Each structure stands twice: as C-alpha cells, then as structure tokens.
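Please read the structure below before turning to the comments.
Residue numbers (my numbering), protein chains in the order written: chain A, 1 to 192; chain B, 1 to 220.
Rendered as structure tokens:
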C-alpha cells in the first residue's frame, strides 16, 4: 500500500524504521476509480496525492468548456493543486483519474505536523518542490520558445510511459494544441 | 463541497445502516455498502436506485476494499462487532473519518456495558488510533430517518469528536441525512450521548413511543 511512497522517499532521504512507522501514521490510503474526481475546481485542495498506481490528470476548464491539461501524474509522482493547498484558496484545477488509481494522500494538517516533527520530511518536501519548480520552468520555456516538433519530441523522450498510456487528445491538450495539429506534427516527425 | 465524497457503510443491511444509506444516497456522495447478508445487500442497492436513479451506490466486496476507496467510513454494526470490523479496516482507515453510531447497551437495555469513564466511541478510537473517530447518529432511531420531523419538530442529532475538519464534514453529512446537527463536544462527550440514548430507549419502552422518538433542545 505504501511501498512506492517509501521507496521514493528513502531514495531522496534515508529513513530509520521508526521514522517510517511514524510517517505512516499520517498517511491516508485512497483508491480512485477511472473518471472519478480527486478534486473539483472551486473546492479547497486539502491533500497532496502521491500516486502508488494508476494515472491522473490535473486540468483547468475554460469558458467554452475546453479542458487544458496542466499536469499528468503516474506511479511515483505527486499531483495536487499546490496553489490551493498552500494558500487555502479555492482550487482552479480539477484532478481526476485517467486509470484506476491507488493514492497516498497527505492532508494539510498532516503535512504541517510532519514538517514540524520530522526534519527529514521537510527535506523530502523541499526536494519535491524544487523538482516541481524546475519541471515547471522547463515546461514554460519550451511553450514560449521551442518549435512544436521539438516540444513534442522532448515530451515523448522525457515521458515515454505517458505517451503510451494516455490518449492523444489529452497529450494535445497538455501541449496546448488541437488534436488535429498534434497529429500533423506527429506525421511530420515520422516522415523524417 | 463539489468533489463527491465516497462513504463506506459497514453493516448497511441492519436497521440503522440501511436507513442511513437511503438518506445519504440523496446527497452528493458515492456509497459503498457492505452487509453480512449478500442478498439483502443487493435488494437494498436496488431499492435505493429505484427510488433515486441518480444515486451513486454499489455493493462492496469486503470492509477493507470499501474502506480503502472511502473518504468516510460509517460503522453501522453493534458495539460487540466493532472490534472485529476495526481489525479489518485498521490499515485502510488511517487518517480517515470513522463514524461510530453504536450504543453499548446490555442485554436487558437497563444499562451500558462500557465503564463510566469511557464510551463505545472512545473504545473504537483506541482500536483505530490513527483514524478520526466521530460519534454521530447514536441518538436517532432507524424510524427517525424516514420521519426526521416528529410532532412538527426536526430531531436534533448530536456529534462528538476531536478533529475540527472532521466535525465539519460530519455536520454536513448529518444535515444531508435530514437531522438538525449539533456539535456536542470532544469525543468523550460520547459518554453522555450514549447514556442519552439509553434513557430514550428506556422511556420508549415505558411509555410506548413505538421507536419513533428523538431529542430536541428547546432554546430561544
């Protein structure tokens, strides 16, 4: 139930058995079925979700009802509306399951207690947030300045698992393209 | 809250369990029902879906599976059965709200089997140390769920627990079930709440309330 969570944790920061047992008491195991929401826009995001199994997506919906995917999440990743989680303001993202999922949730109060009680959890959190920041900077730079074909090539090289598992229209949404444009880009790449 | 919460009802085929399930199925909840008798469970699921086609309800395989999917777990089993169920759900109920509805009555209904310095809810909290145990629905009879307004007054339903967020969530849930929710205090107030129901049962038998009775605090 917590296997991957602690494998990932100890890869970043080694834990003693006692620390692992103590952290475990703060975690919420949760199963989500395909298409179910973890969070809907307008509610406050009360949890960070670590993905033990399955796949999820975080997205915003525009005035015309179109989904814009902000982030995918698969095994070993963390997904949440961090802005809402940290500020307590209503979430601007929706998060739902693309596949049946097993999650480890960390509630806001559990997160804060863990930060106070276990310095290694603070290190783990810092590493996670640093990683997320770097990924976001890369994504932003690529959206602003890279040609489409290069963006798609980079994405498939970085996340081959996601390309395999997620329908093309979702990848198009993540890249800010219509499905038609994405399939043109893919044809151009495969013709080379 | 817009995001649909999943509630596991363990003991859903009992009097109170089925009454709670029926009333909550009208709210923005997904219900996973588990009862010991599979045929009765399927009948209950069918009955709920027939009366409300929008109800999101299904029968669960086992308490642990239901509890794993759930955000909130309602233990609608007798006090004597709680120990065994708690063992089954302990791991999946970590950090989750677990609602204790039982009254630890003795066989002749003239006393409680718990010591005066504890309660069914506190005993459950000891069995599930990492869960947020909340006392609720113990002062309401099964019949009150179909008739929460008695003699023109909406029955009060008392809630006790130690976690603020959890109390808030259960307050909404109790209101959805049709009662007037009142947060009574910490989990140890369950001692009073469980004794209140003992008194109501005794009075009900003495004056023949026919199991349709409830508490109402009169105030200005």
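Using N, Cα and C, we set each Cβ at its ideal position, and we do this for glycine too.
Computed from a prediction, not measured in an experiment: that's the story for all the values here.
Which residue's Cα is closest to the Cα of residue i: the options?
i	options	result
residue 61 of chain A	A/92, A/22, A/158 and A/83	A/92
residue 113 of chain A	A/87, A/14, A/27 and A/39	A/27
residue 131 of chain B	B/177, B/70, B/195 and B/202	B/70
residue 63 of chain B	B/153, B/24, B/114 and B/86	B/86
residue 72 of chain A	A/124, A/147, A/164 and A/25	A/164
residue 180 of chain B	B/154, B/196, B/170 and B/167	B/154
residue 59 of chain A	A/94, A/124 and A/34	A/94
residue 56 of chain A	A/187, A/9, A/29 and A/162	A/162
residue 43 of chain A	A/117, A/64 and A/88	A/88
residue 23 of chain B	B/127, B/198, B/145 and B/45	B/145
residue 184 of chain B	B/204, B/159, B/207 and B/151	B/159
residue 238 of chain B	B/208, B/210 and B/216	One cannot answer for residue 238 of chain B here, as it falls past the ends of chain B, which runs 1 to 220.
residue 125 of chain B	B/188, B/152, B/38 and B/36	B/188
residue 186 of chain A	A/144, A/159 and A/148	A/148
residue 29 of chain B	B/66, B/5 and B/140	B/5
residue 157 of chain B	B/127, B/90, B/7 and B/172	B/172
residue 30 of chain A	B/49, B/1, B/65 and B/150	B/65
residue 67 of chain B	A/146, A/125, A/32 and A/70	A/32
residue 179 of chain A	A/66, A/128, A/76 and A/139	A/66
residue 90 of chain A	B/1, B/147, B/141 and B/96	B/1
Residue range of the beta strand (DSSP E) that residue i falls in?
i	result
residue 48 of chain A	47-53
residue 28 of chain A	28-32
residue 154 of chain A	Premise fails: residue 154 of chain A lies in the alpha helix (DSSP H), 148-158, not in any beta strand (DSSP E).
residue 6 of chain B	5-10
residue 94 of chain A	94-97
residue 160 of chain B	156-161
residue 216 of chain B	Note, residue 216 of chain B: premise wrong, no beta strand (DSSP E); not H, not E.
residue 201 of chain A	Since the first residue shown for chain A is 1 and the last is 192, residue 201 of chain A is missing from the structure and cannot be characterised.
residue 221 of chain B	Only positions 1 to 220 of chain B appear in the structure, and residue 221 of chain B is not among them; the question remains open.
residue 58 of chain B	56-59
Going straight from the alpha carbon of residue i to that of residue j, what length do you get?
i	j	result
residue 212 of chain B	residue 106 of chain B	21 Å
residue 41 of chain B	residue 170 of chain A	39 Å
residue 222 of chain B	residue 21 of chain A	Residue 222 of chain B falls outside the range modelled here, since chain B spans only 1 to 220, and no answer is possible.
residue 176 of chain A	residue 68 of chain A	7 Å
residue 143 of chain B	residue 19 of chain B	8 Å
residue 135 of chain A	residue 100 of chain A	25 Å
residue 25 of chain A	residue 110 of chain A	9 Å
residue 121 of chain A	residue 115 of chain A	6 Å
residue 214 of chain B	residue 192 of chain B	15 Å
residue 49 of chain B	residue 55 of chain B	6 Å
residue 122 of chain B	residue 79 of chain A	35 Å
residue 160 of chain A	residue 13 of chain B	47 Å
Cβ atoms of residue j and residue i: under 8 Å apart, would you say?
i	j	result
residue 107 of chain A	residue 47 of chain A	yes
residue 33 of chain B	residue 57 of chain B	yes
residue 25 of chain B	residue 119 of chain B	no
residue 36 of chain A	residue 81 of chain A	no
residue 98 of chain A	residue 152 of chain A	no
residue 142 of chain A	residue 154 of chain A	yes
residue 76 of chain B	residue 11 of chain B	yes
residue 133 of chain B	residue 98 of chain B	yes
residue 103 of chain A	residue 49 of chain A	yes
residue 112 of chain B	residue 15 of chain B	no
residue 101 of chain B	residue 138 of chain B	yes
residue 118 of chain A	residue 23 of chain A	yes
residue 13 of chain A	residue 130 of chain A	no
residue 74 of chain B	residue 150 of chain B	no
residue 39 of chain A	residue 3 of chain B	yes
residue 52 of chain A	residue 4 of chain A	yes
Answer with buried or exposed for residue i, where buried requires no fewer than 16 other C-beta atoms within 10 angstroms of its C-beta.
i	result
residue 182 of chain A	buried
residue 167 of chain A	exposed
residue 200 of chain B	buried
residue 83 of chain B	exposed
residue 117 of chain B	exposed
residue 167 of chain B	buried
residue 11 of chain A	exposed
residue 298 of chain B	Look at the range of chain B in this structure, 1 to 220, and you will see that residue 298 of chain B is not part of it.
residue 94 of chain B	buried
residue 18 of chain A	exposed
residue 202 of chain B	exposed
residue 164 of chain B	exposed
At what residues does the alpha helix (DSSP H) containing residue i begin and finish?
i	result
residue 137 of chain A	119-145
residue 39 of chain B	38-51
residue 169 of chain A	168-175
residue 180 of chain B	Segment 180-185 is the beta strand (DSSP E) holding residue 180 of chain B; no alpha helix (DSSP H) there.
residue 71 of chain A	Residue 71 of chain A -> not in any alpha helix (DSSP H); beta strand (DSSP E) instead, spanning 67-74.
residue 209 of chain B	No alpha helix (DSSP H) holds residue 209 of chain B; DSSP gives it neither H nor E.
residue 84 of chain B	82-89
residue 6 of chain A	3-12
residue 174 of chain B	164-176
residue 65 of chain B	63-69
residue 144 of chain B	142-146
residue 89 of chain A	Segment: none, residue 89 of chain A is in no alpha helix (DSSP H) and carries neither H nor E.
Name the chain E residues whose beta carbon is nearer than 9 Å to that of residue i?
i	result
residue 68 of chain B	The structure shown contains no chain E; its protein chains are A and B.
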